[in-house]
Amino acid sequence: MSQVFCGRKCCKREIKYCYENGVLKAQATGQPSFPLDYKGNNEFTFDKINVKVIFNPEKSTLIMEQNGLKYNYTKK
Numbered sequence: 244m245s246q247v248f249c250g251r252k253c254c255k256r257e258i259k260y261c262y263e264n265g266v267l268k269a270q271a272t273g274q275p276s277f278p279l280d281y282k283g284n285n286e287f288t289f290d291k292i293n294v295k296v297i298f299n300p301e302k303s304t305l306i307m308e309q310n311g312l313k314y315n316y317t318k319k
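So the sequence shown is numbered by the working numbering: it starts at 244 and just counts up by one.
Here it is as structure tokens:
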């Protein structure tokens, strides 16, 4: 099952999250997918590209942090 989140303001792209073979993967539009490592408390990371994703299931939002910048996404 895939879920799509859309960015607002400066980061206007979609990121699709889906489980493949028990691994959560993320894929931005036009980019290859990458696996996310679960760190606890709705937080996932992918150290190779310095990404941290924090899901807020109650609000259907997430925050993606990369290289010191934060991007807000809302579930589509």
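Think of the CB as a built atom: it goes at the ideal place given N, C-alpha and C, for glycine as much as any other residue.
- In the DSSP assignment, Lys295 falls within the beta strand (DSSP E) that extends over 294-299.
- Within a 10 Å sphere around the beta-carbon of Phe277 sit fewer than 16 other beta-carbons, which makes this residue exposed.
- Between the C-alpha atoms of Asn264 and Tyr316 there is a straight-line separation of about 25 angstroms.
- Counting only residues of its own chain and dropping the five nearest sequence neighbours on each side, Met307 has a CB closer than 6 angstroms to the CB of Val296, Tyr314.
- Here Asn285 has Ile297, Phe298, Asn299, Pro300 as same chain residues with Cβ atoms under 8 angstroms from its own Cβ, once five neighbours each way along the sequence are excluded.
- Taking the C-beta atoms as reference points, Gln274 is found no nearer than 8 angstroms to Asn293.
- Excluding sequence positions up to five before and after Phe287, its CB lies within less than 7 angstroms of the CB of Leu267, Leu279, Asp280, Tyr281, Val296, all in the same chain and listed in chain order.
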